[in-house]
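According to the working numbering, the stretch in the sequence shown is residues 1 to 191, in order.
Cβ atoms here follow ideal geometry from the backbone N, Cα and C, with glycine treated the same way.
Since the model is a prediction, treat every value here as computed from it, not as a measurement.
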Amino acid sequence: MESVMPHRIGNRPGAARAVPRLWLVTDARRLPDPLPLLPRLPRGAAVLLRDMEAGAARRAARAARARGLLPVVAGDGRLALALRAGLHLPGRRPARHLLPFLRGGGLLSVAVHGRAGVARARRLRADAALASPAFPTASHPGAPALGPLRWAALARALPCAAVALGGMDARRWRRLPRRLAWGWAAIGAWR
């Protein structure tokens with residue numbers, strides 16, 4: 001499977017970006033250290049560094065880049081710039097130092113859980129949106145999932161590449177409409 005595509009972005013610097021199809025997502029509880037899983041990812045995949053202190057994020061970003069992967073820092077634009085990484089804007093936590101990143105940063109992804117997230121993706125001219133939760137997920141046990149139809153409706157409204165998150169693996173990705181589901185992101189599927 002091809003792992004990246006050029007994706008045009010309006011007025012943001014560096015108008016052509018590579019949007020990864022596959023994303024490994026870190027998590028303080030379920031995957032605090034992504035280093036052992038990096039060899040399982042194809043070149044061009046993204047490694048979303050969430051819930052990591054700066055030193056651990058630096059080590060992970062260096063290791064990811066050495067394997068041909070794209071590091072993406074969650075919530076801190078200055079750290080993303082310092083690491084020459086992409087930036088992910090979480091939906092439920094505030095992001096820091098967004099403006100410096102928007103002026104000269106790399107790939108920008110946003111969390112999308114509903115219409116407010118779609119509007120945010122449009123307003124910021126995001127390159128990708130991690131739309132979730134597509135399916136039931138171990139990260140949020142018992143939380144309602146969108147399912148394929150509601151996920152597709154959310155993805156259809158996005159102005160950028162839609163990446164499915166939440167209970168995802170390759171089999172579930174194939175259950176989503178191919179023309180809408182650019183890629184998928186996961187924690188547990190890579191173990």
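If distances are taken between C-alpha atoms only, which option among the options comes closest to residue i?
i: Ser139; options: Arg30, Ala18 and Arg21; result: Arg30
i: Leu70; options: Leu98, Arg92, Gly91 and Leu41; result: Leu41
i: Asp33; options: Pro39, Arg179, Met52 and Val19; result: Met52
i: Leu176; options: Ala152, Arg156 and Arg191; result: Ala152
i: Asp169; options: Thr137, Arg179 and Pro144; result: Thr137
i: Arg156; options: Leu38, Arg93, Arg92 and Arg178; result: Arg178
Assuming residue i is part of the beta strand (DSSP E), what are its boundary residues?
i: Ala74; result: Leu70 to Ala74
i: Ala181; result: Ala181 to Ala186
i: Val110; result: Leu108 to Val112
i: Val47; result: Ala46 to Leu49
Leaving out five residues on either side along the sequence, give the residues of the same chain with a beta carbon under 6 Å from the beta carbon of residue i.
i: Val25; result: Leu48, Ala185 and Ile187
i: Asp154; result: According to the sequence displayed, residue 154 carries Leu and not Asp. Once the five neighbours on either side are set aside, the close Cβ partners of Leu154 are Ala131.
i: Leu146; result: Ala134
i: Leu89; result: Ala95 and Val110
i: Gly142; result: none
The alpha helix (DSSP H) spanning residue i covers which residue range?
i: Gly77; result: Gly77 to Ala82
i: Trp173; result: Ala170 to Trp173
i: Gly86; result: Looking at the DSSP string, Gly86 is not in any alpha helix (DSSP H); the run it does join, the beta strand (DSSP E), is Gly86 to Leu89.
i: Leu98; result: Leu98 to Gly104
i: Trp190; result: No alpha helix (DSSP H) contains Trp190, which DSSP labels as neither H nor E.
i: Leu124; result: Arg115 to Leu124
i: Leu22; result: No alpha helix (DSSP H) holds Leu22; the beta strand (DSSP E) holding it covers Leu22 to Val25.
Please state whether the Cβ-Cβ distance between residue i and residue j is less than 8 Å.
i: Gly167; j: Leu22; result: no
i: Leu149; j: Asp127; result: no
i: Asp27; j: Arg50; result: yes
i: Ala189; j: Leu165; result: no
i: Leu83; j: Ala61; result: yes
i: Ala95; j: Val72; result: no
i: Gly106; j: Ala85; result: yes
Decide if residue i is buried, meaning its Cβ has at least 16 other Cβ atoms within 10 Å, or exposed.
i: Pro36; result: exposed
i: Gly104; result: exposed
i: Gly75; result: buried
i: Gly114; result: exposed
i: Gly117; result: buried
i: Ala64; result: buried
i: Ala181; result: buried
i: Gly10; result: Low confidence applies to Gly10: its pLDDT is 38, below 50, so where it sits in the model is not reliable enough to give any reading.
By Cβ distance, which residues of its chain are closer than 8 Å to residue i, with the 5 residues on each side in sequence left out?
i: Gly68; result: Arg43 and Gly44
i: Ala121; result: Val110, Val112, Ala129, Leu158, Pro159 and Cys160
i: Leu102; result: Arg12, Gly77, Leu108 and Leu124
Below 7 Å CB to CB, which residues in the same chain sit around residue i once its five sequence neighbours on both sides are set aside?
i: Ala54; result: Leu79
i: Pro100; result: Gly77, Arg78 and Leu81
i: His97; result: Asp76, Gly77 and Arg78
Quick check: is any heavy atom of the ligand NAD less than 7 Å from the C-beta of residue i?
i: Ala95; result: The ligand NAD is absent from the structure shown, which contains no ligand whatsoever.
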